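> My questions will all concern the structure given below.
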Amino acid sequence: MDYRRDIPLAITFIVGVIAVLDYYTTLESVTATFTVIKNWGVVLQAFALGLGAVNLFRVHGKRVSERTREDWMFSGWLLLMLVLFVVVGLITGQYDASTSYQWIYNALYLPLGATMYSSLAFYMAYGAYKVLRARNFEAALLFITAVLVIIGNTPIFPATYPGFFHMREWIFGPIVSGAYRGIRIGVGIGAVILGIRTLVGLETGYLGRR
Amino acid sequence: MSIWERLMSIPREVVMGLVFIAILIPALNPLGLPLMTGKMSEDWYNTVDNLPAGSIVLFDIGYGSGGYPSLGPGNIAAFHQMFEKDLRIVIMATALEGGMMYPLIMASVKPESNYGAVYGEDYVFLGYIAGTQTAMAGVLGDLHALASTDYQGTPLSSLPLAAEVSRADDFDIVAYMTTAGGTAEGWVYQAYSQYDRPVLGGCLSMMTTSIKPYYDSGQMLGLMDGIKGAADLEFLTGHAGDAIVSSDILSFTQTLVLIFIVLGNVAFWMQRGGAR
Amino acid sequence: MVSMDPQVWIAAFLTLAATSYAFRDNKVFKFAETTFIGIAAGHQIVMGIKNIRDYGWSHLMQGEIIYIVVFLLGIMLYARYSKEYYWLYRYPIAFLVGNGVGISIRAGIHSDFTLQIAETASPLIASDALGSINNIITFIGVITALSHFIFTYEGMHEGTLGWGPKIGRWMILLALGASFGNTVMTRFGMYQGRVIFLLREWLQIIA
Amino acid sequence: MAILTPNRLVPLAAFILAWVATYMAIQMGKQGKIKIRRIPGLDAIEEIVGRSVEMGRPVFDIIGMGVFTDIYATQTIAGLSILSYVSTLCARLGAELYAPQASVDVLPVAAEIVRESYRLEGKEDEINIEEQLPYLSGTQFAWASGIIGMAARLRPAGNIMIGPFWAESMMFAESFDRVGAMQIGGTARLYQIPFFAALCDYVLIGEEMFAAGAYVSGDPQQVGSIAAQDWYKLAALALGILGALLATAGVTVIGDLLIK
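Going down the list, the protein sequences come from chains A, B, C and D. Under this note's numbering, the first residue of the first sequence carries the number 3, and numbering increases by one thereafter. Under this note's numbering, the first residue of the second sequence carries the number 35, and numbering increases by one thereafter. Under this note's numbering, the first residue of the third sequence carries the number 13, and numbering increases by one thereafter. Under this note's numbering, the first residue of the fourth sequence carries the number 4, and numbering increases by one thereafter.
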């Protein structure tokens, strides 16, 4: 037996099967076991939250110590910010409930988190102009519903003529419901079969490749 | 370069600059256009409206700063309605930043001064719990086996509302708002499928199409469709806020986008015709 | 009046810095991006430690000695950075994967498969004509979209039967158009939230 | 039968059958009994590579910024299967391939795949891994900027994007369109499909990319699970059609059975 590979595969199988049994059976012992597994799962996920930071320290710490790349100062700044949040978070013993932590969160994280992705709105406007062209049949189909939905979503049009809004609601009715239910069934069964392959040890990507 | 070619290649900076102006104008001078509410958010409103006073809601803040502009206003309106109806809310967060959203939301809802609600009796916040679906299953399966304190470290046993709930059956309804597809599906799996609890969901507009099959098949009773749904909830609950302001601004920005789309297409087809 | 609160000024600067990428990649954006990556990882650590304390350490303190195992597993996650003992991290990962997969697929087959088919197996004729038309369009959408994703039956895509997948692709594209329209709204709704912040809290020119 | 949770017998049966079906299908895949239909997008890949040779300009194959340990791993694997196919074609026809990378985990695997393709075609000296499979960045916007820069500089004749994609998809599709590249886009992250559908000459929607990956790799694991999923989709089709017709006639037996 290869304890580097077989034991992990066995753990996946046993834990997964208990989860499945918890759903399909009424056995008290299974439910009790799975309650413990769930609680452990939460703690382990919490441990895993530090992995990202370790990666950053490895990559950026190296850049700072070598100072060969011209942007090594950015790496230093990144690590400084990381440490700042950890120190402020831990020093009060209140974690995210402390006012000082909420202050730096609202000053730094909130604006960046909210703007980083939303600034895509500008790209989106330009993209819609460059992208949304009925250049062939398939693109034309996409074009029709996209434009009708944008019109329905823009209050000034329904305010002028309510039919624009009913059109939008109708598209979200049969058109979206039909196609997306078909997609959902396909995606759902795909996930189940991938899951089964994972539980029985046929899919081992998560073990890493070394 | 023909006029059509020029219209097909308006520089990026021009388009984006105009968009910026289109956001500024209505933000400074709101139009106050009337709103038409959608059925998905009406269903959310009516479901909550039909719950008897004292019912317990499990509410998940499943978004962070990225989702706050879209979902925050909807969350605020939803809480207003729930407190107004004398419902009791057990709040948790499956999103890493959920614990940071909670004070922002509550600063706006002000349950104590607006509704005379008492922390611990009428609402309680468990804080962020890692593991997404594992966290959901943990809270619904046996809350007290998982957690012993709230987000500030107060023992759950000293908070009457938290002491009262321990299993899924103790919650009359489960509601969530999220930016993550896994969270939106997860609540359907864990609350509806596993424990047969009614579920209300809110997600970004871009996710609505893929979450809608659950609403269609009755696994979710209401669906708040991003900023549009948030504006609907603000309108229905009578607590106008940022979502209504924002949908007002959409009248300008999206009209501009539509103009650009039309320009791009007309130019594209004219040029193609000319090339022939 | 412009705000005098340093917190608001920092937030306003970072909002503008993050926006600047839309116009051109630049050093100020890079500064904002590195800040974001750093603090996001920092926040993860803070929340991670808080969760370990609340849901792990507290159990241990209440005398549940078995929780030592989960602490060991948690520490083993970090073995992946060791050249010699990297394989140790597979134990906790295997636990997480088994739990994560089990907890989602057990219900997935119910919510995504049987209940969705049950919904499809409902009457096509409604009380009014429009309702019936909508039911029929939905039904055609489900069936044809599903048939589009069948890959191992050549016959499915030929002759008369071949119209199914073809129509399915068209239905999917129509539905994706709706998704695109809503994506436009999502992005604008998000950015407008930032502009409202700038005008209200920073420049204080709107109420 | 008190051990079983009431009203979950149908999902349980479906679950167990899925387990059996997966095994059977993989066995059949190993015996070569399953044939996946050729996805039209694959013909387009050949066309792209051929066009690049004619024009003397490079081909890009972007597999996205996925890793092996997240839920998008299967998409990354499908992307790598396509990369193997593309690199073989490039080696054979003599097109210059660029496949920038965003993950330090995936990079060595991708490099090995490309090197192997060139070796099998006897053209090991025609590929320079460091230059043609550069590691750009693991952070989204830096990665996007890197690709946009490369597209503007190298003016590729073709661009193949198959893998997991996020908001950068629109930037990529638009940048390559601007330099006149013929494009194929494919991802199972459906939010990004509209950008691909609007700008690419061919688009692989959702599971089509897995089927394409299985088709070119011939891996019985991948082929088998495609087949097992197909059986379930056929069952869903049959039950849905039959159920709807019966229900319209007033017999709701199938719907009633399934919600049990």
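Where is the CB? At the ideal position from N, CA and C, for every residue including glycine. On a predicted model such as this, the values are computed, not experimentally measured, just so you know.
What did DSSP end up calling Met258(B) once you bin it into helix, strand or coil?
Three-state result, Met258(B): strand.
> Of the residues that make up the region 4-36 of chain A, which ones have a beta carbon closer than 8 Å to any beta carbon in chain D?
Residues Val22, Tyr25, Tyr26, Thr27, Thr28, Leu29.
> Check the Cβ-Cβ distances between Pro176(A) and every residue of chain B, and say whether any is below 7 Å.
No, Pro176(A) does not count as interfacial toward chain B.
> At what residue ranges does the region 212-238 of chain B contain a whole run of the alpha helix (DSSP H), taking only runs of 4 or more?
DSSP runs (the alpha helix (DSSP H)) wholly in the region 212-238 of chain B: 215-221.
> Tell me where the beta strand (DSSP E) around Asp176(B) begins and ends.
Unbroken run through Asp176(B) is the alpha helix (DSSP H), 167-180; no beta strand (DSSP E).
> Starting from Leu123(D), trace the alpha helix (DSSP H) in both directions and tell me its first and last residue.
Note, Leu123(D): alpha helix (DSSP H), 109-123.
> Would you decide whether Asn63(B) is buried or exposed? Buried here means 16 or more other CB atoms lie within 10 Å of its CB.
With fewer than 16 other Cβ atoms within 10 Å, it is exposed.
> Helix, strand or coil for Val14(C)? Go by DSSP, reduced to three states.
Val14(C) falls in the coil class under three-state DSSP.
> Would the region 51-59 of chain B and the region 81-90 of chain B be scored as touching if the rule is three or more Cβ pairs under 8 Å?
Segments in contact, no.
> Using a Cβ cut-off of 8 Å, pull out every chain D residue sitting near Gly188(A), in sequence order please.
In chain order: Gly209, Glu210, Gln232, Lys236.
> Only counting runs of 3 or more residues, tell me where the beta strand (DSSP E) segments fall wholly within the region 168-216 of chain D, in order along the chain.
Listed in chain order, the complete beta strand (DSSP E) runs (minimum 3 residues) inside the region 168-216 of chain D are 185-190, 205-208.
> Could you spell out where the alpha helix (DSSP H) holding Val82(B) opens and where it closes?
It spans 73-83 - the alpha helix (DSSP H) in which Val82(B) sits, taken as one unbroken run.
> Which chain B residues sit within Cβ distance under 7 Å of Phe200(C)?
Within 7 Å Cβ-Cβ: Leu284, Thr287, Gln288.
> At 3 residues or longer, what runs of the beta strand (DSSP E) sit wholly inside the region 91-173 of chain B?
Qualifying beta strand (DSSP E) stretches, in chain order: 122-127, 157-162.
> For Thr183(B), which residues of its own chain have a beta-carbon under 7 Å away from its beta-carbon, when the five flanking residues on both sides are left out?
So the qualifying residues of the chain are Pro189, Leu190.
> Can you check whether the CB of Leu238(B) is closer than 7 Å to the CB of Tyr249(B)?
No, the Cβ-Cβ distance between Tyr249(B) and Leu238(B) is not below 7 Å.
> Within 10 angstroms of the Cβ of Arg212(A), are there 16 or more other Cβ atoms? Answer buried if so, exposed if not.
Bear in mind that the predicted position of Arg212(A) carries a pLDDT of just 47, short of 50, making it unreliable; the figure below should be weighed with that in mind. Classification of Arg212(A): exposed, given that the 10 Å Cβ count is below 16.
> Where does Arg219(A) land, buried or exposed, given buried means 16+ other C-beta within 10 angstroms?
Summary: the structure shown does not reach residue 219(A), with chain A confined to residues 3 through 212, and so no result is reported for it.
> If the cut-off is 9 Å on Cβ atoms, which residues from the region 129-159 of chain C count as contacting chain A, listed in chain order?
Cβ contacts with chain A: Ile129, Glu131, Thr132, Ile145, Asn146, Asn147, Ile148, Ile149, Thr150, Phe151, Ile152, Gly153, Val154, Ile155, Thr156, Ala157, Leu158, Ser159.
> Against Thr212(B), what residues of chain C qualify as contacts under a CB-to-CB distance less than 9 Å, listed in chain order?
Ordered by position in chain C, no residue passes the 9 Å Cβ test against Thr212(B), which lies about 13 Å from the chain.
> Spatial neighbours of Phe15(A) within its chain, please: C-beta separation below 8 Å, excluding the five flanking residues on both sides.
Cβ neighbours of Phe15(A) beyond the five flanking positions: Leu201, Val202, Gly203.
> Residues of the region 50-69 of chain D in Cβ contact with chain A at a cutoff of 9 Å, in chain order, please.
Under the 9 Å Cβ criterion, the region 50-69 of chain D contributes no residue.
> Helix, strand or coil: which one does DSSP assign to Asp66(C)?
Of the three classes helix, strand and coil, the one that applies to Asp66(C) here is helix, per DSSP.
> Shortest alpha-carbon distance to Gly68(C) belongs to which of Gly78(A), Ala48(A), Leu29(A), Thr206(A)?
With distances taken between Cα atoms, Gly68(C) lies closest to Ala48(A).
> Go ahead and pull the three-state DSSP assignment for Ile65(D).
DSSP places Ile65(D) in strand when its eight states are reduced to three.
> Let me check understanding here. Comparing Cα to Cα, which of Ser99(B), Ser147(B), Val53(B), Pro107(B) lies closest to Leu270(B)?
The shortest C-alpha separation from Leu270(B) is found at Pro107(B).
> Is the CB-CB distance between Gln128(C) and Arg199(A) below 7 Å?
No; because the gap between Cβ atoms is not below 7 Å, this pair is not in contact.
> Indicate whether Gly189(C) and Gly18(A) have their beta-carbon atoms separated by less than 7 Å.
Taking 7 Å as the Cβ cut-off, Gly189(C) and Gly18(A) do not qualify as a contacting pair.
> Could you name the residues of chain D that Val133(A) contacts, counting a contact when the two beta carbons are closer than 9 Å?
The answer, in chain order, is Met173, Ala176, Glu177, Asp180, Pro197, Phe198, Ala201, Leu202.
> Reducing DSSP to helix, strand and coil, say where Val70(D) ends up.
Coil at Val70(D), not helix or strand.
> Count the other C-beta atoms from every protein chain shown that fall within 10 angstroms of the C-beta of Ile228(C), then say buried if there are 16 or more, exposed otherwise.
No statement about residue 228(C) is possible, as the shown extent of chain C runs from 13 to 219 and does not include it.
> Given this structure, state the Cα-to-Cα distance separating Leu92(A) from Asp128(D), to the nearest angstrom.
Distance between the alpha carbons of Leu92(A) and Asp128(D): 55 Å.
> Between the Cα of Val117(D) and the Cα atoms of Ala102(D), Arg41(D), Trp146(D), which residue gives the shortest distance?
When only C-alpha atoms are compared, the closest one is Ala102(D).
> What residue range does the alpha helix (DSSP H) around Ile233(A) cover?
Examination of residue 233(A) is not possible in this model, given that chain A is present from 3 through 212 alone.
> Report the option in Ala21(A), Ala193(A), Asp73(A) whose CA atom is closest to the CA atom of Asn41(A).
Nearest of Ala21(A), Ala193(A), Asp73(A) to Asn41(A), Cα basis: Ala21(A).
> So which residues of chain C does Thr8(D) contact, with C-beta pairs closer than 9 Å?
The premise fails here: Thr8(D) is roughly 11 Å from chain C at the closest Cβ pair, so nothing lies under 9 Å.
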